[in-house]
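*Asks:* Just so you know, numbering that gives the first Met the number 0 puts the end of the sequence shown at 764, numbered straight through with nothing missing.
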Amino acid sequence: MAEVARVVVRDPGSRMLPGGFWAAVAVWVEKPQVANKRLCGVRLEARRSVSLPQTEHTHPRPSTGPEPESFAKAGGCGPDSGPGPIRRSFDGGPGTGSSAGPELGRQEAQGRRQPEEEPGEAAAAAAAATPQLSGTPGQPGKAAAREGDLPAADLGSLWDAFARSLAGDNREALAFLTRPGAGSPPEGRLELDLVLRTVIPKTNPHCPLRGPRREMVVQDVLNGAVTFLPLEEDEEGNLKVKMSNMYQIQLSHSEGEWFISVLIFCPERWHSDGTVYPKPTWLGEELLAKLARWCVETRQSGFKSTLSLISIMKYSKAYQALKEKYKDMVKVWPEVTDPEKFVYEDVAIAAYLLILWEEERAERRETARQSFVDLGCGNGLLVHILSNEGHPGRGIDVRRRKIWDMYGPQTRLEESAITPNDKTLFPDVDWLIGNHSDELTPWIPVIAARSSYDCRFFVLPCCFFDFVGKFQRMQSSKTQYRGYLDFITEVGSACGFHVEEDCLRIPSTKRVCLIGKSRTYPPTREASVDEERTRYINSRRGRPGSPCSGGPALPPPGAAPGSAPGPEGPGALDARPGHAAEAGAGQRGPRAPTEGLWLSGFHPREKAERLRNCAALPREFVDRVVLQVAHLLLGRSPAGGSAQAWNRGGSLSLAEVAGELDRETLRRLKRECGGLQTLLRSSPQVFQVLNGRVRIRDWREERPRKQEEPEAKRRLSPDTFKTRICWFFAHHPDGCVLPADCCPFAHGPGELRPAPRTRKKKTAL
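(1) Residue ranges of each beta strand (DSSP E) run of no fewer than 3 residues wholly in the region 321 to 391, ordered along the chain?
(2) Taking the continuous beta strand (DSSP E) assigned at Ala766, which residues delimit it?
(3) Rounded to the nearest angstrom, how far is the Cβ of Cys294 from that of Phe496, given a contact under 8 angstroms?
(4) With contact counted as at least three CB pairs below 8 angstroms, one residue from each stretch, are the region 160 to 173 and the region 12 to 26 in contact?
(5) For Pro200, write down the residues that DSSP places opposite it in a beta bridge.
(6) Over what stretch of residues does the beta strand (DSSP E) that includes Leu513 continue unbroken?
(7) Taking C-beta to C-beta, are Leu51 and Ala162 nearer than 8 angstroms?
(8) Is Leu173 helix, strand or coil by DSSP?
(9) What is the DSSP secondary structure of Gly12, counted as helix, strand or coil?
(10) May I ask you to report which of helix, strand or coil DSSP gives Ser251?
(11) Between which two residues does the alpha helix (DSSP H) holding Glu284 run?
(12) Strictly by DSSP, which residues pair up with Ser527?
(13) Would you check if the distance between the CB atom of Asp437 and the CB atom of Cys454 is smaller than 8 angstroms?
(14) Is the shortest distance between the beta-carbon of Arg618 and the beta-carbons of chain D less than 8 angstroms?
(15) Measuring only the C-alpha atoms, how far is Pro683 from Ser475?
(16) With a cut-off of 8 angstroms on the beta carbons, I'd call Cys502 and Val511 a contact; round off their distance for me.
(17) Run the CB neighbour count on Gln369, radius 10 Å, all protein chains shown included, and call it buried at 16 or more, exposed below.
(18) Could you pull out every residue in the same chain whose Cβ sits closer than 6 angstroms to the Cβ of Ala821, ignoring the five residues on either side in sequence?
(19) Measuring alpha carbon to alpha carbon, tell me which residue in Ile395, Trp269, Lys401 and Glu339 is nearest Pro333.
(20) Could you give the residue range of the alpha helix (DSSP H) that holds Arg472?
(21) For Ala1, tell me which candidate among Ser156, Arg14, Phe264 and Gly210 has the shortest Cα-Cα distance.
(22) Would you say Leu287 and Ile309 are within 8 angstroms of each other, going by their C-beta atoms?
(23) Measuring straight from C-alpha to C-alpha, what distance separates His383 and Phe425?
(24) Buried or exposed for Gln218, going by 16 or more other Cβ atoms inside 10 Å?
(25) At which residues does the beta strand (DSSP E) containing Gln687 begin and terminate?
(26) Distance, Cα to Cα, Arg752 vs Cys725?
(27) Where does Thr423 fall in DSSP's three states?
(28) Which partner residues of Arg400 appear in the DSSP bridge assignment?
(29) Identify, in the order they occur along the chain, each residue of the same chain with its Cβ nearer than 7 angstroms to the Cβ of Gln409, setting aside the five sequence neighbours on each side.
(30) Exposed or buried, which one is Gln783 when buried takes at least 16 other CB atoms within 10 Å?
(31) If I follow the unbroken beta strand (DSSP E) through Trp430, where does it start and stop?
(32) Going by the DSSP bridge assignment, what does Ser260 pair with across the sheet?
(33) Please state whether the Cβ-Cβ distance between Leu157 and Leu238 is less than 8 angstroms.
(34) Identify which residue in Ser13, Ile311 and Pro11 has its Cα closest to the Cα of Ile199.
(35) On the CB-based measure, 16 or more other CB atoms within 10 Å of its CB, does Ala582 come out buried or exposed?
(36) Let me know the secondary structure DSSP gives Ser636 once reduced to three states.
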């Protein structure tokens, strides 16, 4: 055996270790894609406690190279080493081994960023993994068990066969498993925690498809070591331990310092496939560095693991297939939004829903594909994909998009405002979708609950809205995002849903979805539960910004009738029998009817999207602010400068600049997104805004930095040279710092050129 590498873990006072080590190991065991980007995730299939066989053995010390030839002959690395085969049981139940049946199940645990997991958030992943292990501090606990996509092998029988080989011909493997120099427990039997997992690589159309790989993970809490035993399967479905790619991660303490090391059993036979089994140098450098950092990170996560409610293996295949099918949308995207982000985000959401609905049909033993309505569908791509994949549905949005014309008649998209009332129910629809649905987000569980008992919902919250107006967090101990997710969960629970939370793999910071698949009450209680919904909604009347702004207290979800305070004004829904059945399936006109309004004060988005990036501000107003800020900066010129030098002014923070502007100017800027900073950034010829500070742009520094992409993006196209007057030529006391032939702007009216015409390209899908 050989020690690949060793790193020191800085933990003064041993405050984090050894517990931090097992938290880091939990990430690598349950969420390896956080470190290895070529993995999609894992499925934990079974877990149990086992014992090593009692036998006399020696502990050879690790070396820096291959062991002598006698080591291979002892059974550790010989071509015929390894225990006998064990036949997998595909009947979904435990095998017939002598040990007790394993905990069969599935725990698919992923990291928290998409499409690539961010290593810097591994502490959050460790925190997310810890509840799934639920062990005592410093020890690995027990993973939750659920039925997986593939039946688990009889873990007990597999381990028994391997243990017999350890006591027989594989004494060197036994020494490796118990780590060199380890002591024996007082009771004479070493108890180990055994995990069976399936490692799932990412699918890649440019590389040969590599199937999932199975491993046994052996955690030795007493001695601080975790060993990974790869399993191989023959044509008849028999499993046995593959000795060639066995490796171990160790925690040790010596002379007041903690160390983490990686050891490989039979390094001369290590085979790297580039995905599940990387090169030993990667284990010793990349993995060890991450583990050492994760050991002492304490940041907690308040979010679920990604894709925890569906099969990661099915999702990986579905996502890759949809990505290939719809990748050309990026080339023809007619909207001003980023096509890379929006296309692949909707592809990932569609893949998630397709797998969620496929598994739901299997649970319900149904074959008909679920119908849906996407409220606030935006660009409509999610509706387009789901419809093309066989799910009948439509999308509704207050504003039509250019891309709608490219989808074709099979994609049903409607331009209409949605106002929660008696006319906006969908009794014949299986699922309501709210994908970044803004002001409709808290209403979607309500609409789903009142549409029919079988209607379910999926929401992906983004902007923070209450039933009426903006939402503000209730507790300062939570982030606004976490508080808003808890609020939407509370709404779903108050509406009678079992609300589940999951984290998607999409290129967005708002990636947590909430799902209501089932109810907490029988259909016979619909009328009484709807009365509770009405009280809950009315309890938030007059508190559009904050539930803690002095309004009545919220009733607990599922409270008995009359137990919750709150007005019963005319905005309440008449929860009479048969009310939902009489409601229509939607509205078609440009404005939604308001009869039977559920809560007064709700206003849907305006049909015309108002620009708030300072582009709509009057030109004279913008010019006046630019000139005022420039004079402020020029007045901060460093002392002692040469009288002949061009005055480049000083640097001010945005707060200092704002302090010099009059109240009316600030009030006007506050109505724009980004305010003062947006206005200054929209004048890149004059200003440079960086890290909250602004200074006058010196164009002498811009010219030699062609290799830097951000600066290249700011530079004008050759077609736009001399199409505008140079601001410095017209307003700077020293004129322009560049000669006229080098400046991209015109030094006087005589140099002006006509602006080029923009030609719109006609594209077709």
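C-beta: ideal position from N, C-alpha, C; glycine also.
*Replies:* Looking at the atomic coordinates:
(1) 371 to 374
(2) The first residue shown for the chain is 0 and the last is 764, placing residue 766 beyond what the model contains.
(3) On the sequence shown, position 295 is the one that residue 294 refers to. On the sequence shown, position 497 is the one that residue 496 refers to. The Cβ separation is near 40 angstroms, so there is no contact.
(4) no
(5) On the sequence shown, residue 200 is found 201 positions in, with the first residue counted as 1. Answer by DSSP bridge pairing, in chain order: Leu38.
(6) Numbered from 1 along the sequence shown, position 514 holds the residue referred to as residue 513. Val511 to Arg518 is the extent of the beta strand (DSSP E) around Leu513.
(7) Walking along the sequence shown from the start, residue 51 turns up at place 52. Walking along the sequence shown from the start, residue 162 turns up at place 163. In this structure, Ala162 lies closer than 8 angstroms to Leu51 by Cβ.
(8) Residue numbering aside, residue 173 sits at position 174 when the sequence shown is read from its first letter. Note: Leu173 maps to helix in three-state DSSP.
(9) As a first step, residue 12 must be located in the sequence shown, where it is residue number 13. In this structure, Gly12 counts as helix in the three-state DSSP scheme.
(10) The count along the sequence shown starts at 1 and reaches residue 251 at position 252. In this structure, Ser251 counts as strand in the three-state DSSP scheme.
(11) For this step, residue 284 is matched to residue 285 along the sequence shown. Taken as a continuous stretch (DSSP letters only), Glu284 belongs to no alpha helix (DSSP H), as it is neither H nor E.
(12) For the purposes of this step, residue 527 is taken as the residue at position 528 of the sequence shown. None, per the DSSP bridge assignment.
(13) Numbered from 1 along the sequence shown, position 438 holds the residue referred to as residue 437. Numbered from 1 along the sequence shown, position 455 holds the residue referred to as residue 454. No, the Cβ-Cβ distance between Asp437 and Cys454 is not below 8 angstroms.
(14) Protein chains in the displayed structure number just one, and chain D is not present.
(15) Counting from one through the sequence shown, the residue named residue 683 turns up at place 684. Counting from one through the sequence shown, the residue named residue 475 turns up at place 476. Distance between the alpha carbons of Pro683 and Ser475 is about 38 angstroms.
(16) Taking the sequence shown and counting its residues from 1, the one referred to as residue 502 is at position 503. Taking the sequence shown and counting its residues from 1, the one referred to as residue 511 is at position 512. Rounded, the Cβ-Cβ distance is 5 angstroms, consistent with contact.
(17) In the sequence shown, the residue the question calls residue 369 occupies position 370. The residue in question, Gln369, is buried, as its Cβ has 16 or more Cβ neighbours within 10 Å.
(18) Nothing about residue 821 can be reported from this structure: the residues present for the chain run from 0 to 764 only.
(19) On the sequence shown, residue 333 is found 334 positions in, with the first residue counted as 1. It is Lys401.
(20) By 1-based counting over the sequence shown, the position of residue 472 is 473. Arg472: not part of any alpha helix (DSSP H); DSSP gives it neither H nor E.
(21) For this step, residue 1 is matched to residue 2 along the sequence shown. Here the closest residue by C-alpha is Phe264.
(22) Within the sequence shown, numbered from 1, the residue matching residue 287 stands at position 288. Within the sequence shown, numbered from 1, the residue matching residue 309 stands at position 310. Taking 8 angstroms as the Cβ cut-off, Leu287 and Ile309 do not qualify as a contacting pair.
(23) Locating residue 383 in the sequence shown gives position 384, where the first residue counts as 1. Locating residue 425 in the sequence shown gives position 426, where the first residue counts as 1. Cα-Cα distance, rounded: 20 angstroms.
(24) For the purposes of this step, residue 218 is taken as the residue at position 219 of the sequence shown. Burial call: buried.
(25) By 1-based counting over the sequence shown, the position of residue 687 is 688. Counting along the chain, the beta strand (DSSP E) containing Gln687 begins and ends at Phe686 to Leu689.
(26) Here residue 752 is taken as the residue at index 753 of the sequence shown, counted from 1. Here residue 725 is taken as the residue at index 726 of the sequence shown, counted from 1. Roughly 13 angstroms between the two C-alpha positions.
(27) Here residue 423 is taken as the residue at index 424 of the sequence shown, counted from 1. Thr423: strand per DSSP, three-state reduction.
(28) Along the sequence shown, read from residue 1 onward, the residue named residue 400 stands at position 401. None, per the DSSP bridge assignment.
(29) As a first step, residue 409 is located in the sequence shown; it is residue number 410 there, counting from the start. These residues qualify, in order along the chain: Ser386.
(30) Lying outside 0 to 764, the shown extent of the chain, residue 783 is not represented and no answer is given.
(31) Sequence index remark: in the sequence shown, residue 430 carries index 431 (1-based). Taken as a continuous stretch (DSSP letters only), the beta strand (DSSP E) holding Trp430 covers Trp430 to Asn434.
(32) Counting from one through the sequence shown, the residue named residue 260 turns up at place 261. Ser260 is bridged to Arg5 and Gln249.
(33) Position 158 of the sequence shown, counted from the first residue, corresponds to residue 157. Position 239 of the sequence shown, counted from the first residue, corresponds to residue 238. Contact: yes.
(34) In the sequence shown, counting from the first residue as 1, residue 199 sits at position 200. Selection Ser13, Ile311 and Pro11 evaluated against Ile199 yields Ile311 as nearest (Cα-Cα).
(35) In the sequence shown, the residue the question calls residue 582 occupies position 583. Unreliable placement is indicated for Ala582, whose pLDDT of 36 sits below 50; the coordinate value is still reported in the next sentence. That one is buried.
(36) Here residue 636 is taken as the residue at index 637 of the sequence shown, counted from 1. Three-state DSSP puts Ser636 in coil, outside helix and strand.
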